[in-house]
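Line by line, the protein sequences are chains A and B. So the mapping is simple: my numbering equals the position in the first sequence, first residue as 1, plus 17. So the mapping is simple: my numbering equals the position in the second sequence, first residue as 1, plus 14. A short worksheet on the structure shown next.
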Amino acid sequence: MSYSAPKFKEKYGNFINGKFQDPIDGKYFENHSPVDNKLLAKYPRSNDKDVKSAIEAANNAKDEWVKTSASERAAILHKIADVIQENLETFAQMETADNGKSIRETMNADVPLAVDHFRYFASAIRAEEGSATELNENTLSLIINEPLGVVAQIIPWNFPLLMLAWKVAPALASGNCVVLKPAEQTPASATFLAEKIADLLPPGVFNVIHGFGPEAGKPLASSPNVDKVAFTGETTTGQLIMQYASKNLHPVTMELGGKSPNVFFNSIMDHDDAFLDKCIEGAVLFAFNQGEVCTAPSRILIQEDIYDEFIKRVIERTKAIKMGNPFEESTMMGAQASSDQHQKILEYIKIGKDEGAEVLAGGDAAKLEGNLANGFYIQPTILKGHNKMRVFQEEIFGPVVAVCTFKDEAEAIEIANDTMYGLGAGVWTRDAHQLYQIPRAIKAGRVWVNCYHDYPAHAPFGGYKKSGFGRENHLMMLNHYRQSKNMLISYDKNKLGFF
Amino acid sequence: MDYKRVEITPEAEKLLQELKQQHGEVIFHQSGGCCDGSSPMLLPKEDFYIDDNDFLLGEVGGVNFYMSHDQFEYWKHTHLTVDIVKGRGGSFSLDIPTGYRFLIKSRMLNDEENKNLNP
């Protein structure tokens, strides 16, 4: 079955105070599809004035919103989930048009996961409680969770709707108002969602501002009138946002990418069975979402005694990846999200070759035909080398994986941890001891054991080291959007006796 | 003769000078990580805190080029050229609104260069 880009209007506004508003200075930017480089629509090129207006709307809404009960907010989040579910196909086609990823991923991963995310946080706030502790017979300590107020959220382009859900669902659930800035490469789904849920939320509770980082992102992240900044992106902007927040002493959470090791121990080849087949797919998952995932398993570590046999099957499976029109259901890998991304990936393949890496598969741009000739496609690429090479150390954010071997457990752990990052990792083995001990030794926030690239709500997700901090996807994120109010109550009628 | 670790193409320098005129003193900081990372970020000088954790690789077009020390450990055997590519990157880098993105092109440093690098 084949899908197509949904119909877009010529231009869209920012969503502020419950309505779409034109940018104050009247400037727009063009949003092109990476599928064929054609214009989709124009979005506001906002500046500090638009941002100020959105923050003001959020501040005006917060006093009423904070009074809503958990059951009211949960009901609204469920309705948002319903809206996304009812429009699943439109959202999926929109994500494919805007980001370039294949329709089978947007239909089966991006959009259903976003639905589930809203449902998860709707449920979580109904089930949790504050606490009461009797410190002694006359003293009671009450802990009540209170929302921060207004939260600024800046999200990336690789899973536009899902990253929105990861940030917006817990922030609204915990009683905050939100000013969201989607990535300038992928403004479509946040706008469509705002259109669809405008009537569900009081004006000002959810605001969407479009524009460029230095013009709209900076005034949002540095505003003294927001109470927190949540960011997903890269390290330098992460540092910059933390600096801006430090001026206001605002809390931040950061998700800053990784260079995740995917470690395959020799026991996986003990049998040629369904599990081995799963392991092979697990290695090839580097190409999932065109490699544009912060947790992409972009380093494959294979125990040396099974290397030849295992890599042969990984190469075969990689070469079988079907590239093509992302709107075709049979297409496994679509386009990279932008021309500069495309160029950057090719530069990495080049430096990998210069450093002496051996190309085992791919190694170049993919030239597609017809109206896809102007899209941004890269062949899934496997490079063999060693862990000190730059292609083993830098996040390429493309379908390029770096492969090396290890002798034993100690060397596997050493290579796995020899990186600035610590977001994800994979461990594949039939050995019961390794199943526990290796994940514990790897310094990463999420270690997939005998699986990879699963992102269910209710499993916390976040980084170690330069991959950031904060744990999304889980109810612990609620406390990243809240204060703890402690009421210390005395039931003692007698004075202290000091004065 | 001293060799440089980082240089800039004429096209990138032209864009850099335009942005300098617009924004005043600026620096490059090479980013790592997600999405728009692994790219040189051009930032207002007074915005970005530089300290001993950053390594100064050199100067291009009158602008200092830094990266964090831990990242430099993995990059030090390569020569970098700042170039531009048409496209819309994300991030807070000052080039984003221009429709061009600064891009790093890399090659291996040769023995002669390695012996005579400054810095």
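Glycine residues also receive a C-beta, built at the ideal position from the N, C-alpha and C atoms. Computed from a prediction, not measured in an experiment: that's the story for all the values here.
query	result
Minimum Cβ-Cβ distance from Leu-70(B) to chain A less than 9 Å	no
Under 8 Å (Cβ pairs) to chain A, residues found in the segment 94-122 of chain B	Val-99, Lys-100, Gly-101, Arg-102, Gly-103, Gly-104, Ser-105, Phe-106, Ser-107, Leu-108, Ile-110, Pro-111, Arg-115, Leu-117, Ile-118, Lys-119, Ser-120, Arg-121 and Met-122
Reduced DSSP secondary structure (H/G/I, E/B, other) of Asp-68(B)	strand
From Ala-247(A), Trp-82(A) and Ser-263(A), residue whose alpha carbon lies closest to that of Cys-194(A)	Trp-82(A)
Min CB distance Gln-31(B) to chain A below 9 Å	no
Residue of Asp-61(B), Ser-45(B), Cys-49(B) and Asp-50(B) minimising C-alpha distance to Gly-38(B)	Asp-61(B)
Beta carbon proximity, Asp-125(B) to chain D, threshold 9 Å	Note that chain D does not occur in the displayed structure, where the protein chains are A and B.
Euclidean distance between Cα positions of Ser-53(B) and Leu-94(B)	11 Å
CA nearest to the CA of Glu-372(A), picked from Arg-115(B), Ala-26(B), Met-122(B) and Glu-73(B)	Met-122(B)
Within chain B, the residues that Asn-175(A) reaches when beta carbons sit closer than 7 Å	Cys-49
Per DSSP, the bridge partner or partners of Lys-59(A)	Lys-28(A) and Glu-47(A)
Exposure label - Asn-507(A); buried when at least 16 CB within 10 Å	First, the amino acid is wrong: residue 507(A) is Ser here, not Asn. Per the 10 Å Cβ criterion, exposed.
Given Phe-344(A) as reference, the closest of Val-52(A), Glu-47(A) and Gly-43(A) once Cα atoms are compared	Val-52(A)
Contact with chain B by Met-437(A), beta-carbon distance below 9 Å	yes
Paired residues, beta bridge with Val-68(A) - DSSP	Paired residues: none, contrary to the question.
Tyr-137(A) (DSSP reduced to helix, strand or coil)	helix
Asn-467(A) vs Phe-292(A) beta-carbon contact at 9 Å	yes
Straight-line gap, Asn-48(A) to Ala-200(A) (C-alpha atoms, nearest Å)	11 Å
Contact list for the segment 53-87 of chain B against chain A, Cβ threshold 8 Å	Ser-53, Met-55, Leu-57, Asp-61, Phe-62, Tyr-63, Ser-82, Asp-84 and Gln-85
Those residues which DSSP pairs with Pro-58(B) across a bridge	Val-40(B)
Distance CB(Phe-281(A))-CB(Gln-320(A)) smaller than 9 Å	yes
Cutoff 7 Å; reference Tyr-45(A); Cβ partners in own chain excluding five residues on either side	Lys-28, Lys-59, Tyr-60, Pro-61 and Arg-62
Length at least 3, wholly inside the segment 185-265 of chain A: the beta strand (DSSP E) runs in chain order	194-198, 223-225 and 245-249
Any 3 or more C-beta pairs closer than 8 Å across the segment 474-486 of chain A and the segment 459-466 of chain A	yes
Same chain, Cβ closer than 8 Å to Ile-98(B), neighbours up to 5 away in sequence not counted	Thr-23, Glu-25, Ala-26, Leu-29, Asp-109, Tyr-114, Arg-115, Phe-116 and Leu-117
One or two residues paired with Met-81(B) in a DSSP bridge	Phe-69(B)
Members of the segment 226-238 of chain A that neighbour chain B once the beta carbon cut-off is set at 7 Å	Phe-229, Gly-230, Pro-231, Glu-232, Gly-234 and Lys-235
Supposed contact pair Leu-495(A) and Ala-141(A) - C-beta distance, whole angstroms, cut 8 Å	7 Å
Distance CB(Ser-347(A))-CB(Ile-72(A)) smaller than 9 Å	no
Inter-residue Cα distance where the pair is Gly-51(B) and Ser-45(B)	5 Å
Minimum Cβ-Cβ distance from Gly-46(B) to chain A less than 9 Å	yes
Length at least 4, wholly inside the segment 89-159 of chain A: the alpha helix (DSSP H) runs in chain order	105-116 and 128-144
CA-to-CA distance, Met-350(A) to Asp-448(A), given in whole angstroms	33 Å
Per-residue DSSP class, three states only, for Lys-79(A)	helix
Extent of the continuous beta strand (DSSP E) run through Phe-282(A)	Note, Phe-282(A): premise wrong, no beta strand (DSSP E); not H, not E.
For Ser-484(A), the residue or residues it bridges with in DSSP	Looking at the DSSP assignment, Ser-484(A) forms no beta bridge with any residue, so it has no partner.
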